[in-house]
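Asker:
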Amino acid sequence: MRVEITQHVGADSGTTNPQSLVMSQEECQQLAQLLLDIAKPSPFMWPISVIHTVQSITGVSQGETIDIDDGDRISVELSPGGFGHYASVAPTTNQRDAEVLRKIIAKVFAMRAPTPPIPSDPVDADDPLYLMYDKRSYVPVSLWHESTATAMGTARSDVIAKVIRQVEEAQLLGTATIGFAARSELFMHPLGRLAYGKETDCEVTVTARTPDNKASGWGGHASRDWSRVHPEAVAAQAIDMANRSRNRVALEPGRRTAILGPAAVAQLVRAMTELFFYDNAVTGRSPFWIGHRTTKPPMTKLGQRVFDPRIMMTSDPNDPEGGYMPFFEYNGERGFPTPATTWIDHGVLKYLSCGIGTAMRTGQTPRDDPFSMRLEAAPGTKTSTIEEMIANCAEGVYVHRFSGVDMVDARSGLMTGVTRDGCFFIQHGKITKAIKNFRFLDSPIFALNKLAMIGTPERVAFGYRNYGRYETRFPRSPIIVPPLMVQDFNFSALADAV
Amino acid sequence: MSSPSRRTFLTQSAIALAGLTSGVGHRAFGMARLPIRSQQPVASFFPELIAADTLQALATTGVDAARQAGAEYADIRLTDLRLLRLGIELGDSGVPTIVGNIPGAAITFELSYGIRARVGGAWAFVTGNECTSDAVAAAGRRAAATARGVAASVRQPWEMVAAPAVRGEWTTPVRVDPFAVSPDAHVNILGALYDVGARATGATAWPRVTWTGETRVFASTDGSLTTQHLTHALPSIYIDAKTGVPRVPDVMLRFRDINPISAGLEIFEGAALQERLKAAAADAIPLLQFPIGAADVGRYEAVFDGTSMGAMAAYTLAPALELRRVLGYDADGVGTSILAPTADVLGAPLFAPCLTLTSDRSMPQYGAVQWDDEGVVPRSFPLIANGAVVDYFSTRATAGALASWYSKTGRPLASQGTTIAQSPSTPPRARATDLVIASGASGTTLDTLIRGVKRGVLVRSLEYVSSDQQLSGGAFFPEMLFEITRGKITRRLIDSGVQFGTKSFWKGITTMGDASTVEYGVARRYPNAGTIEYTPVRAPAAHVARLDVIQRNG
Numbered sequence: 001m002r003v004e005i006t007q008h009v010g011a012d013s014g015t016t017n018p019q020s021l022v023m024s025q026e027e028c029q030q031l032a033q034l035l036l037d038i039a040k041p042s043p044f045m046w047p048i049s050v051i052h053t054v055q056s057i058t059g060v061s062q063g064e065t066i067d068i069d070d071g072d073r074i075s076v077e078l079s080p081g082g083f084g085h086y087a088s089v090a091p092t093t094n095q096r097d098a099e100v101l102r103k104i105i106a107k108v109f110a111m112r113a114p115t116p117p118i119p120s121d122p123v124d125a126d127d128p129l130y131l132m133y134d135k136r137s138y139v140p141v142s143l144w145h146e147s148t149a150t151a152m153g154t155a156r157s158d159v160i161a162k163v164i165r166q167v168e169e170a171q172l173l174g175t176a177t178i179g180f181a182a183r184s185e186l187f188m189h190p191l192g193r194l195a196y197g198k199e200t201d202c203e204v205t206v207t208a209r210t211p212d213n214k215a216s217g218w219g220g221h222a223s224r225d226w227s228r229v230h231p232e233a234v235a236a237q238a239i240d241m242a243n244r245s246r247n248r249v250a251l252e253p254g255r256r257t258a259i260l261g262p263a264a265v266a267q268l269v270r271a272m273t274e275l276f277f278y279d280n281a282v283t284g285r286s287p288f289w290i291g292h293r294t295t296k297p298p299m300t301k302l303g304q305r306v307f308d309p310r311i312m313m314t315s316d317p318n319d320p321e322g323g324y325m326p327f328f329e330y331n332g333e334r335g336f337p338t339p340a341t342t343w344i345d346h347g348v349l350k351y352l353s354c355g356i357g358t359a360m361r362t363g364q365t366p367r368d369d370p371f372s373m374r375l376e377a378a379p380g381t382k383t384s385t386i387e388e389m390i391a392n393c394a395e396g397v398y399v400h401r402f403s404g405v406d407m408v409d410a411r412s413g414l415m416t417g418v419t420r421d422g423c424f425f426i427q428h429g430k431i432t433k434a435i436k437n438f439r440f441l442d443s444p445i446f447a448l449n450k451l452a453m454i455g456t457p458e459r460v461a462f463g464y465r466n467y468g469r470y471e472t473r474f475p476r477s478p479i480i481v482p483p484l485m486v487q488d489f490n491f492s493a494l495a496d497a498v
Numbered sequence: 001m002s003s004p005s006r007r008t009f010l011t012q013s014a015i016a017l018a019g020l021t022s023g024v025g026h027r028a029f030g031m032a033r034l035p036i037r038s039q040q041p042v043a044s045f046f047p048e049l050i051a052a053d054t055l056q057a058l059a060t061t062g063v064d065a066a067r068q069a070g071a072e073y074a075d076i077r078l079t080d081l082r083l084l085r086l087g088i089e090l091g092d093s094g095v096p097t098i099v100g101n102i103p104g105a106a107i108t109f110e111l112s113y114g115i116r117a118r119v120g121g122a123w124a125f126v127t128g129n130e131c132t133s134d135a136v137a138a139a140g141r142r143a144a145a146t147a148r149g150v151a152a153s154v155r156q157p158w159e160m161v162a163a164p165a166v167r168g169e170w171t172t173p174v175r176v177d178p179f180a181v182s183p184d185a186h187v188n189i190l191g192a193l194y195d196v197g198a199r200a201t202g203a204t205a206w207p208r209v210t211w212t213g214e215t216r217v218f219a220s221t222d223g224s225l226t227t228q229h230l231t232h233a234l235p236s237i238y239i240d241a242k243t244g245v246p247r248v249p250d251v252m253l254r255f256r257d258i259n260p261i262s263a264g265l266e267i268f269e270g271a272a273l274q275e276r277l278k279a280a281a282a283d284a285i286p287l288l289q290f291p292i293g294a295a296d297v298g299r300y301e302a303v304f305d306g307t308s309m310g311a312m313a314a315y316t317l318a319p320a321l322e323l324r325r326v327l328g329y330d331a332d333g334v335g336t337s338i339l340a341p342t343a344d345v346l347g348a349p350l351f352a353p354c355l356t357l358t359s360d361r362s363m364p365q366y367g368a369v370q371w372d373d374e375g376v377v378p379r380s381f382p383l384i385a386n387g388a389v390v391d392y393f394s395t396r397a398t399a400g401a402l403a404s405w406y407s408k409t410g411r412p413l414a415s416q417g418t419t420i421a422q423s424p425s426t427p428p429r430a431r432a433t434d435l436v437i438a439s440g441a442s443g444t445t446l447d448t449l450i451r452g453v454k455r456g457v458l459v460r461s462l463e464y465v466s467s468d469q470q471l472s473g474g475a476f477f478p479e480m481l482f483e484i485t486r487g488k489i490t491r492r493l494i495d496s497g498v499q500f501g502t503k504s505f506w507k508g509i510t511t512m513g514d515a516s517t518v519e520y521g522v523a524r525r526y527p528n529a530g531t532i533e534y535t536p537v538r539a540p541a542a543h544v545a546r547l548d549v550i551q552r553n554g
């Protein structure tokens, strides 16, 4: 049996219907149903996910287009599912031809063998765990924007020309990345669960450097809606940072008041994601762990204040600045509804992320890891602009962003990285000079307990390159954060890097 | 020694295993819970491979379509990829019990292609996974059209370096094809290695491996058409000796005899390997006995073992020598390079005279190929000779930036064959890979280097270095850092780290260890979404004159 699937065209193909960029729910369901039909003779359950991604990424450097990476990729994955038989072989493929899929499934079946069930597997249809796979409803979300889908095929040339011209007129060397992505995702379980969503996303980043390579500035903006992205403003910010970074001087390292721009805060928050995993918290790989390994039950800091009481950290599929698919995958188990979650409520740790097995054991609700997160001021908290923070700073350092942030010690959340693309000395309420970059060695857990002032959040761009271990998508899941002013931030050493 | 048949190999291994396992072995802990049980070869679980001539026809269709659409050059890579990942890990309980150890496995089948076209000096890259003539041709046309659309932005394109058209077929020489044995055999072998480690009281060996089997076809409008049947192994065995002391990290060493390589299952063969693993596991135990302390902040002499020197090279020199980064193309991403501009760097004595670094993609290095992803035959070439940078990693498209240097040194301008597309769906780039640091004089063992230190530190099994955006410096916080006093290891240092400047570090090497100290370091980088790049480096131990030791708590 062959299933006819509409050929989807990628960027710059002249497509006239942005809606057909990615597989529709009907098309995804058709493919998933084909797989289920093939697998039907099997006593095993086969949750299936279908992910279709179309991207268009353009890199520009020093006046020339140096990279164009347009992709049309599909991933079909049969998740492990046992119910009496533990199967941890998870086949993944990017093929959708019926005959190829038939061969794949037949052969993966041959690899299986009955094994004793593991304790967390459901044993029969009456098992509560079994019921977790039945039909569920999902929060309706609106992640698809026609403006982005249309721009994917049309905006590239125009945006490139404008950004290049802008940076060159400023007598600077410019490098920029303009990226678009459209994605559809379906999860289907034979017990009835069906989840489908589609999304668009886009990002523009610009780095401007002085011709002597002694100063650098950066700007970036990400949004699901291309109409809200302003490449000229992004370039203007990069140019401004570069020009203000000329004639840098060295400042003594040490603990100082730091005003962290949203891009810098976002990099710290992104690196904190794994600290919110329940499994990390109960095994000492997170600052949210307390007690010894032998404590039963494992002790965490759930319910305790871990940050300044002015801090709220939430994840919401309907976040107006970002949002995400209302279902998630955890350790190969897909399709669980993703509730909106308040991770930190007035500084108190309310939830940790966990999958279905852990949730059943501990009485929690399964929650996706906080790859998409908003950090903002608690209701009623006065917020301040960066200019107001600077004006209120007797002496400190403004940090525009960091280079790659690395976790040094998960137990304390200690991280390290280097400032880049804009680092300035503040004295008596004013920026007085551009300074050389610093290496920092500090923990956002500590920093968020030494909060002086907090701003208004915005979504931050991360760029196309330099990803971490957990990052598998571009643009990265939305991180929406404010600028922060924190005390005693540890700038541990000078860094020669520009 | 003649190559054994698969049956003989397994029988011999089984005999060897039986000789080393007794009492509680892998059969007791895990066979009942292992998810993969079959006597069929692993290859039988994948769909029949697309015939090579079909892939070749598709490749030719793609580049022909791009040329007809106006491309002045186009190339394509199509791949039929099979991946098998196996490992032995702790179970979810986190308790290191035999019953709790559950091998994990994943299996991937992928067919994909990436086509690159150049029009008016501008490049475009299009990927897909529907391997039909229509789809590949459409991708070729689209790549040409997209490149044409941005060609106006190109001012002075580099001329592509000439390379002869190549045609042919090549297969990684392996003795035991990992895809030709059964899953049971794979699990037996890993289980036996685990058992060997377990026999060293107080230590555990965690074996894991990713096998890649790939048929990769390359074609270009220059007339090249190559087919390569590639087999690569990314194995590791980590020896974990538990301290049992809260907040004191375990001793974790990577078994140095198992490394990334283009080879087959023979890498795990033989009783001698298991004896060495057992000895290595036993060697880890004495490291637990050193008193624990924190380093005083300050400047010290340092000895790095081969693994650590490899990691230092992989995270600093290797990316700094990628020409794309040097030219500023990645300034908006990972950053720039301290080894820029090329005119100021090439030939200048920046580093210690004992530092010589080469790249060697010949067999049996990991990623060995007959032709790179631009159809160029890789050659071993020096990047740093006696402390001076003498070359960079470039592609046919970027090598033009080195034209004056090549002319000055009397060499024809050429690509060295280091262009790699991590997968067909990622654009090919020149990547640092398979680096070799030349070892020093015979007799300079690790013990010799340690004995020569009055007050310093020993860095062992370094896995990761945090570098800045220009690779001008970095820091690391090793779990295996030891204090040396008057030529002897006196303490294990915790909560300590090291900060360094890249140039001062590599300039400050006084002595390279001899061939007996050579080990592998491997860097894992995540340059793009969903992509992992591995940079293996073979390096000897070394003595460094000066290193800044800091405390984590700042």
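Respectively, the protein sequence lines represent chains A and Z.
In terms of the numbering used here, the first sequence has 488 at position 488, counting the first letter as 1, and numbering is strictly consecutive.
In terms of the numbering used here, the second sequence has 211 at position 211, counting the first letter as 1, and numbering is strictly consecutive.
Even glycine gets a Cβ: it sits at the ideal position worked out from N, Cα and C.
What you are looking at is a predicted structure, and each value in this text was computed from that prediction instead of being measured.
1) With a threshold of 16 other CB atoms inside 10 Å of the CB of Z:Asp372, please say whether the residue is buried or exposed.
2) What in chain Z is Cβ-close to A:Val486, meaning under 7 Å?
3) For the candidate residues A:Ile311, A:Val204, A:Trp144, A:Val76, whose alpha-carbon lies nearest to that of A:Phe446?
4) Does the segment 489 to 497 of chain A come into contact with the segment 249 to 259 of chain A, if we say contact requires no fewer than three beta-carbon pairs (one atom in each stretch) closer than 8 Å?
5) Leaving out five residues on either side along the sequence, give the residues of the same chain with a beta carbon under 6 Å from the beta carbon of A:Thr58.
6) Specify the secondary structure class of A:Gln55 as computed by DSSP and reduced to three states.
7) Is Z:His109 helix, strand or coil by DSSP?
8) For Z:Gly87, would you say it is in contact with chain A, using Cβ-to-Cβ distances shorter than 9 Å as the test?
9) Rounding to the nearest angstrom, what Cα-Cα distance links A:Ala222 and Z:Phe477 in this structure?
10) Taking Cβ-Cβ distances shorter than 8 Å, what residues in chain A pair up with Z:Asn129?
11) Name the DSSP bridge partner or partners of Z:Met252?
12) State buried or exposed for A:Gly14, treating a residue as buried only when at least 16 other CB atoms are found within 10 Å of its CB.
13) With the cut-off set at 9 Å, would you say A:Leu451 and A:Phe277 are in Cβ contact?
14) For Z:Gly270, which beta-bridge partners are listed by DSSP?
15) A:Gln487 by DSSP, collapsed to three states: which one?
16) So, Z:Leu435 versus Z:Ala313, is the Cβ gap smaller than 9 Å?
17) Report the residue from A:Ala39, A:Thr150, A:Phe425 whose alpha carbon sits nearest the alpha carbon of A:Ser56.
18) Please identify the residue among A:Asn243, A:Glu395, A:Met152 whose C-alpha is closest to the C-alpha of A:Gly71.
19) Can you check DSSP and say which residues form a bridge with Z:Gln39?
20) Just to make sure I have the definition right: I need the residues of chain C whose C-beta is within less than 7 Å of the C-beta of Z:Asp296. Which are they?
21) Just by C-beta distance, which residues in the segment 149 to 166 of chain A are closer than 8 Å to chain Z?
22) Have a look at the DSSP bridge pairing and note the partners of A:Lys301.
23) Provide the residue span of the beta strand (DSSP E) that contains A:Tyr278, from first to last.
24) Quick one: using the 10 Å Cβ neighbour count with 16 as the cut-off for buried, is Z:Tyr464 buried or exposed?
25) Compare the beta carbon distance of Z:Ala185 and Z:Gly197 with 9 Å and say whether it is the shorter of the two.
26) Any chance the segment 430 to 448 of chain Z sits against the segment 273 to 287 of chain Z, with 3 or more Cβ pairs inside 8 Å?
27) Cutting at 8 Å between CB atoms, please list the residues of its own chain near A:Met241, excluding the five before and the five after it.
28) Touch check for the segment 222 to 235 of chain Z and the segment 497 to 511 of chain Z: three-plus C-beta pairs under 8 Å?
29) Rounded to the nearest angstrom, what separates Z:Leu265 and Z:Leu111 at their Cα positions?
30) Taking the alpha-carbon positions, what's the A:Leu31 to Z:Ala399 distance?
31) Could you list which residues in chain A have their beta carbon closer than 8 Å to that of Z:Trp123, in chain order?
32) Per DSSP, what kind of secondary structure is Z:His232 in: helix, strand or coil?
33) Are the Cβ atoms of Z:Thr336 and Z:Val326 separated by less than 9 Å?
Answerer: The answer reads as follows:
1) By 1-based counting over the second sequence, the position of residue 372 of chain Z is 372. Label assigned to Z:Asp372: buried.
2) Translated into the one-based positions of the first sequence, residue 486 of chain A becomes position 486. In chain order: nothing, as chain Z lies at least about 15 Å away.
3) Start at 1 with the first residue of the first sequence, and residue 446 of chain A comes out as number 446. In terms of Cα proximity to A:Phe446, the closest of A:Ile311, A:Val204, A:Trp144, A:Val76 is A:Ile311.
4) With three or more CB-CB distances shorter than 8 Å, the segment 489 to 497 of chain A counts as touching the segment 249 to 259 of chain A.
5) As a first step, residue 58 of chain A is located in the first sequence; it is residue number 58 there, counting from the start. Closer than 6 Å at the Cβ level, and outside the excluded window around A:Thr58, lie Ile68, Arg156, Ile178.
6) One-based indexing of the first sequence puts residue 55 of chain A at position 55. Residue state, collapsed to three classes: strand.
7) The count along the second sequence starts at 1 and reaches residue 109 of chain Z at position 109. The amino acid occupying residue 109 of chain Z in the given sequence is Phe; His does not appear at that position. It is a strand residue.
8) What you label residue 87 of chain Z is simply residue 87 of the second sequence in a count that begins at 1. Chain A, which has no Cβ nearer than 9 Å to the Cβ of Z:Gly87, makes this no.
9) As a working note, residue 222 of chain A is residue 222 in the first sequence. As a working note, residue 477 of chain Z is residue 477 in the second sequence. So the two alpha carbons sit approximately 33 Å from each other.
10) Taking the second sequence and counting its residues from 1, the one referred to as residue 129 of chain Z is at position 129. Correct list: Asp72, Arg73, Ile74, Asn94, Gln95.
11) Position 252 of the second sequence holds residue 252 of chain Z. Z:Met252 pairs with Z:Asp240.
12) Taking the first sequence and counting its residues from 1, one reaches residue 14 of chain A at position 14. Because A:Gly14 sits at a pLDDT of 36, beneath the cut-off of 50, its placement in the model cannot be relied upon, and the following sentence gives the value as read from the coordinates. A:Gly14 comes out exposed.
13) Position 451 of the first sequence, counted from the start, is the residue given in the question as residue 451 of chain A. Position 277 of the first sequence, counted from the start, is the residue given in the question as residue 277 of chain A. In this structure, A:Leu451 lies away from A:Phe277, with their beta-carbon atoms at least 9 Å apart.
14) On the second sequence, residue 270 of chain Z is found 270 positions in, with the first residue counted as 1. DSSP output for Z:Gly270 lists no bridge partner at all.
15) The residue given as residue 487 of chain A occupies position 487 in the first sequence. In the three-state reduction of the DSSP assignment, A:Gln487 falls in the strand class.
16) Reading the second sequence from its first residue, position 435 is the one you call residue 435 of chain Z. Reading the second sequence from its first residue, position 313 is the one you call residue 313 of chain Z. Yes, the pair counts as a contact, with Cβ atoms nearer than the cut-off.
17) Position 56 of the first sequence, counted from the first residue, corresponds to residue 56 of chain A. Closest by C-alpha distance to A:Ser56, out of A:Ala39, A:Thr150, A:Phe425, is A:Thr150.
18) Position 71 of the first sequence, counted from the start, is the residue given in the question as residue 71 of chain A. Each of A:Asn243, A:Glu395, A:Met152 was checked against the Cα of A:Gly71, and the nearest Cα belongs to A:Met152.
19) For the purposes of this step, residue 39 of chain Z is taken as the residue at position 39 of the second sequence. Its beta-bridge partners do not exist; DSSP assigns none.
20) Checking the listed chains, one finds no chain C in this structure; the protein chains it contains are A and Z.
21) Those would be Arg156, Ser157, Ile160, Ala161, Ile164, in chain order.
22) The sequence position of residue 301 of chain A within the first sequence is 301, counting from 1. DSSP links A:Lys301 through a beta bridge to no other residue.
23) One-based indexing of the first sequence puts residue 278 of chain A at position 278. Premise fails: A:Tyr278 lies in the alpha helix (DSSP H), 278 to 281, not in any beta strand (DSSP E).
24) Counting from one through the second sequence, the residue named residue 464 of chain Z turns up at place 464. Exposed, because fewer than 16 other Cβ atoms sit within 10 Å of the Cβ of Z:Tyr464.
25) Translated into the one-based positions of the second sequence, residue 185 of chain Z becomes position 185. Translated into the one-based positions of the second sequence, residue 197 of chain Z becomes position 197. No.
26) Verdict: no, contact absent.
27) Here residue 241 of chain A is taken as the residue at index 241 of the first sequence, counted from 1. Answer for A:Met241: Ala208, Ser216, Gly217, Trp218, Gly219, His400, Asp421, Gly422, listed in chain order.
28) No, the segment 222 to 235 of chain Z does not touch the segment 497 to 511 of chain Z.
29) Position 265 of the second sequence holds residue 265 of chain Z. Position 111 of the second sequence holds residue 111 of chain Z. When rounded, the distance between both Cα atoms is 24 Å.
30) The count along the first sequence starts at 1 and reaches residue 31 of chain A at position 31. The count along the second sequence starts at 1 and reaches residue 399 of chain Z at position 399. Taking the straight line from one Cα to the other gives about 45 Å.
31) Along the second sequence, one-based indexing puts residue 123 of chain Z at 123. Simply Thr65, Ile66, Asp67, Ile68.
32) One-based indexing of the second sequence puts residue 232 of chain Z at position 232. Note: Z:His232 maps to strand in three-state DSSP.
33) The residue labelled residue 336 of chain Z in the question sits at position 336 within the second sequence. The residue labelled residue 326 of chain Z in the question sits at position 326 within the second sequence. In contact: Z:Thr336 and Z:Val326 (Cβ atoms closer than 9 Å).
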